[in-house]
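Asker: Below is a structure I'd like to ask you about.
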Amino acid sequence: MTVRRYARQAAALIVAVGTLAACAKGSITKNNDAGGATTTLHYFTFSAAPDHLKDLDKIVQAFEAQNPKIKVTVESAPFADYFTKLQTAFAGGTAPDTFELDYQDFVSYSSSGSLLDLSGPAGKDGSYQSSVYEPTSLSAFQAAGKQYAMPESFSTVVLLYNKKLFDAAGVAYPTADWTWADESAAAAKLTGKGVFGDYQPVSFFEFYKALDQAGGSFFNADKTKATFNSPAGVKAAQWLLSKPGITMPTLAQIGGTPDYDTNLFKTNKLAMWHNGIWQFATLKDKSDWDVVVEPGDTQKASAVFQNAVAASKTTTHPDASWKWLKFLTSSTVMAQTRVDTSWELPPLADAGVLKNYLAQSPPANRQAVFDSLKAQALTPVIAQQQKMQDILDKAFQGASKGTDLQKLLDDTAAKVDALLK
Amino acid sequence: MRSPLPRRLGWYLLFGTGAALMLFPFLWSVASSFEPAGSVLDKPRLIPRHPSLDGYRTFLSALPFWRLLANSMGLALCSTVLQLVTSSMAAYAFARLEFPGRRVIFGIYLATMMMPLQVLVVPLFVEMKQFDLVDTYAAVLAPTIASAFGVFLLRQAIVAVPRELDEAAVMDGAGHLRIFATVILPLIRPALATFAVFAFMASWNSFLWPLVIIRSPEFMTLPLGLSNLHGQYTTEWNVVMAGTVLSVLPIILLYLAAQKYVVQSTALTGLK
Chain A
132 MTVRRYARQA AALIVAVGTL AACAKGSITK NNDAGGATTT LHYFTFSAAP
182 DHLKDLDKIV QAFEAQNPKI KVTVESAPFA DYFTKLQTAF AGGTAPDTFE
232 LDYQDFVSYS SSGSLLDLSG PAGKDGSYQS SVYEPTSLSA FQAAGKQYAM
282 PESFSTVVLL YNKKLFDAAG VAYPTADWTW ADESAAAAKL TGKGVFGDYQ
332 PVSFFEFYKA LDQAGGSFFN ADKTKATFNS PAGVKAAQWL LSKPGITMPT
382 LAQIGGTPDY DTNLFKTNKL AMWHNGIWQF ATLKDKSDWD VVVEPGDTQK
432 ASAVFQNAVA ASKTTTHPDA SWKWLKFLTS STVMAQTRVD TSWELPPLAD
482 AGVLKNYLAQ SPPANRQAVF DSLKAQALTP VIAQQQKMQD ILDKAFQGAS
532 KGTDLQKLLD DTAAKVDALL K
Chain B
1215 MRSPLPRRLG WYLLFGTGAA LMLFPFLWSV ASSFEPAGSV LDKPRLIPRH
1265 PSLDGYRTFL SALPFWRLLA NSMGLALCST VLQLVTSSMA AYAFARLEFP
1315 GRRVIFGIYL ATMMMPLQVL VVPLFVEMKQ FDLVDTYAAV LAPTIASAFG
1365 VFLLRQAIVA VPRELDEAAV MDGAGHLRIF ATVILPLIRP ALATFAVFAF
1415 MASWNSFLWP LVIIRSPEFM TLPLGLSNLH GQYTTEWNVV MAGTVLSVLP
1465 IILLYLAAQK YVVQSTALTG LK
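Residue numbers (my numbering), protein chains in the order written: chain A, 132 to 552; chain B, 1215 to 1486.
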């Protein structure tokens, strides 16, 4: 009997203590304003977790040292859950002052009118120079002539190549001037004896980029109609489908094997590889490889994945928010910290601040990473993004070199048009 | 009478295969948690080629594991105790008290079970904001204090207790509280235990509500901590698996202790 009484008392105690502790606010939400002179800014991020929270702390500390009257509290959530939290916070009226957005979500948040136009506070800031940012990155985060977010970090897709295989086949290394024709010719010579010349997935993400390289556009100007079934679109689809089973493995061979392409490239069985700069870390122990900006057709265009930082329209501290966003995206401390910790790079116009990054090798030609920023193929974004991507991916999965591509693209465009209504 | 050997072997084989299929994902996560960084996605392997504790080391240094564990444990215990109290009392009222509209109210109770949490998140969040409870333990607990499922489960159990026992207690001068505490509660102990296991597991695994309402890192629960291990582009699976294994351990211990009731509950409710 006594045991049970103890158990009951313990339970009562837990509940009592729990209830007492339960209503206390956490470090992020309790009122930190000491005496009113200090402004507390709330910053919500996904890119710092899991590996760079301490690095972000360093940037925050440097900012607070420079701006003693502003305190920044950081809240972090993983990318997969970040937007659930952000949306609830907006709906519940507790939007963070400043927060991070990837490009696709930037489009939806800016078009729903949730973001502060930063041109206002930036105009009052005498020390602000827009020229420190890569112009194409800065303009990617403008809508209707207003600067709704500041570009914070990026990854691009480049052409990785295996020098040894080029030497063995007697083919000259790719250059920044290469076009699709050069790539095709080289791929044909490099393929054989268990080596594949080229590797580029056939997917939505590759298609909109190839379309841009061929001079086409995905939508018409006011985004009411899909226009990728143009001659440029057919050319882009032809380009992508000219590879599988010829200069690259068939889609069936690739199948669902994870890291199939990575392993091919690592084991010197792949000469050219269209992939992102995040592969640099994977390949750091491999020698004899380098990168160039992806070849274009009528023009250059590279796929760029960018994160930006924005302020909510409802923030009560627009000027402090601007100061923080500016520091977070352009300060030397930030650039240095990012390079030192192999965090994603900031899209700054003057790569000089990033010279430690450029000095690293492999790959030797890291300048190509910044050059690829100069002509960006922006992801086409609509409200039903996932459905659109699935429609295109599915269309390409069923296609091969012999498919009537005009008809395929006409049908696909009609399906995408239906999503726009 | 025992069935002949070949047939028995057949059954063993069938059930053994079924059990192995069920067990595989879990064994795989245990095995993956001992893989060194970077080699998890090669191929599913039940015995790591180069066993290493990297995953566990990274996990323990990346997250304040003990704090997360204490948060999860504290919230799960509080939530369970509170639910047992509220649900058993409500169940008693529905099972034993005659009051107008009893059936309708009970029906409405049950109807709330149809409402998925996703629909309620924003209204609940706004409500918590009105009470100034966003980012507190109280806000995590509040929506779990009353459980329609618990009321339903315990009401079924109380209805099964013969009314004659109550009546005998009434003859002895007992009021509702005394009948509830000394007659009914001891008799529905199996149902209480069953519900306790359910409530504990629900709180232990809950993700969406804590994700939305908790903002400060020191209030994070284990599932929130685990999700923080996923990056925007890549995930270190050995670390995630190490964390998963560590966070499943308490539930396994609870299960071993309350195995009898869990099996019973599954049989009683057809849920798991």
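C-beta: ideal position from N, C-alpha, C; glycine also. Fair warning: this is a prediction, and the values are worked out from it, not measured in the lab.
(1) Contact check, V422(A) vs L504(A) under 8 Å by CB: the rounded distance?
(2) By the three-class DSSP mapping on this structure, what secondary structure does M281(A) have?
(3) Compare the beta carbon distance of M1327(B) and A1356(B) with 8 Å and say whether it is the shorter of the two.
(4) Please name the residues in the stretch 1272–1302 of chain B whose beta-carbon is closer than 7 Å to at least one beta-carbon of chain A, in chain order.
(5) Output the distance between the C-alpha atoms of K1486(B) and L1367(B), rounded to the nearest integer angstrom.
(6) Compare the beta carbon distance of L296(A) and V326(A) with 8 Å and say whether it is the shorter of the two.
(7) Straight-line CA distance for V500(A) to S1461(B)?
(8) Check the Cβ of N1419(B) against every Cβ in chain A and list those closer than 8 Å, keeping chain order.
(9) Since V1411(B) and Y1475(B) are thought to touch, with beta carbons under 8 Å apart, how far apart are those beta carbons, to the nearest angstrom?
(10) Buried or exposed for Q1446(B), please, with buried defined as at least 16 other CB atoms from any protein chain shown within 10 angstroms of its CB.
(11) Could you tell me whether the Cβ of T1350(B) comes closer than 8 Å to any Cβ of chain A?
(12) Considering only the alpha carbon of each residue, which of N394(A), P209(A), K454(A) and Y304(A) lies closest to Q197(A)?
(13) Beta carbon of V512(A), beta carbon of F230(A): below 8 Å?
(14) Compute the beta-carbon to beta-carbon distance between G1269(B) and F1238(B), rounded to the nearest angstrom, for a pair I have assumed lies under 8 Å.
(15) Could you check whether the stretch 380–400 of chain A touches the stretch 1228–1236 of chain B, counting it as contact only if at least three pairs of C-beta atoms, one from each stretch, sit closer than 8 Å?
(16) Does the beta carbon of I513(A) sit closer than 8 Å to a beta carbon anywhere in chain B?
(17) Closer than 8 Å is the cut-off here; do at least three beta carbon pairs connect the stretch 1383–1399 of chain B with the stretch 1297–1313 of chain B?
(18) Given this structure, state the Cα-to-Cα distance separating F1339(B) from L144(A), to the nearest angstrom.
(19) Classify W420(A) as helix, strand or coil using the three-state DSSP reduction.
(20) Quick one, are the C-beta atoms of P1220(B) and A1245(B) less than 8 Å apart?
(21) Please list the terminal residues of the continuous beta strand (DSSP E) segment that includes G407(A).
(22) Quick one: residues in its chain with C-beta nearer than 8 Å to the C-beta of P181(A), no 5 flanking neighbours on either side, listed in chain order?
(23) Can you tell which of N496(A), Y279(A), T463(A) and T381(A) has the C-alpha that lies nearest to the C-alpha of S443(A)?
(24) Please list, in chain order, all residues of the same chain as W1423(B) whose beta carbon is under 6 Å from its beta carbon, the five residues on each side excluded.
(25) Pair every Cβ in the stretch 1277–1297 of chain B with every Cβ in the stretch 1425–1443 of chain B, then say whether three or more of these pairs are closer than 8 Å.
(26) What are the partner residues of H173(A), as DSSP defines its beta bridges?
(27) Is F396(A) closer than 8 Å to L291(A) when the C-beta atoms are compared?
(28) Hey, how far is the Cα of I1513(B) from the Cα of P1314(B)?
(29) Cβ atoms of L172(A) and D236(A): under 8 Å apart, would you say?
(30) Skipping 5 residues on each side, what residues in its chain have a beta carbon closer than 8 Å to that of S1243(B)?
(31) Which residues does DSSP list as the beta-bridge partners of L290(A)?
(32) Can you tell me which of the three DSSP states M1342(B) falls into?
(33) Based on Cα-Cα distance, which residue from P449(A), A153(A), D471(A) and D524(A) lies nearest to G254(A)?
(34) Verify the CB distance criterion: does S178(A) have a CB-CB separation below 8 Å to chain B?
(35) Of all the CB atoms in chain B, is at least one closer than 8 Å to the CB of F335(A)?
(36) DSSP on T229(A), reduced to helix/strand/coil?
Answerer: Let's see:
(1) With 8 Å as the limit, V422(A) and L504(A) do not qualify as a contact, their Cβ atoms being about 14 Å apart.
(2) strand
(3) no
(4) A1276, G1288, L1291, C1292, V1295 and L1296
(5) Unreliable placement is indicated for K1486(B), whose pLDDT of 45 sits below 50; the coordinate value is still reported in the next sentence. Rounded to whole angstroms, K1486(B) to L1367(B) spans 14 Å at the Cα level.
(6) yes
(7) 41 Å
(8) The premise fails here: N1419(B) is roughly 15 Å from chain A at the closest Cβ pair, so nothing lies under 8 Å.
(9) 6 Å
(10) buried
(11) yes
(12) K454(A)
(13) no
(14) No, G1269(B) and F1238(B) are not in contact; Cβ-Cβ is about 19 Å, not under 8 Å.
(15) no
(16) no
(17) yes
(18) 28 Å
(19) strand
(20) no
(21) M403 to G407
(22) P209
(23) Y279(A)
(24) none
(25) yes
(26) T204(A)
(27) yes
(28) Since the first and last residues shown for chain B are 1215 and 1486, residue 1513(B) lies out of range.
(29) no
(30) M1455, T1458 and V1459
(31) H405(A) and V423(A)
(32) helix
(33) P449(A)
(34) yes
(35) no
(36) strand
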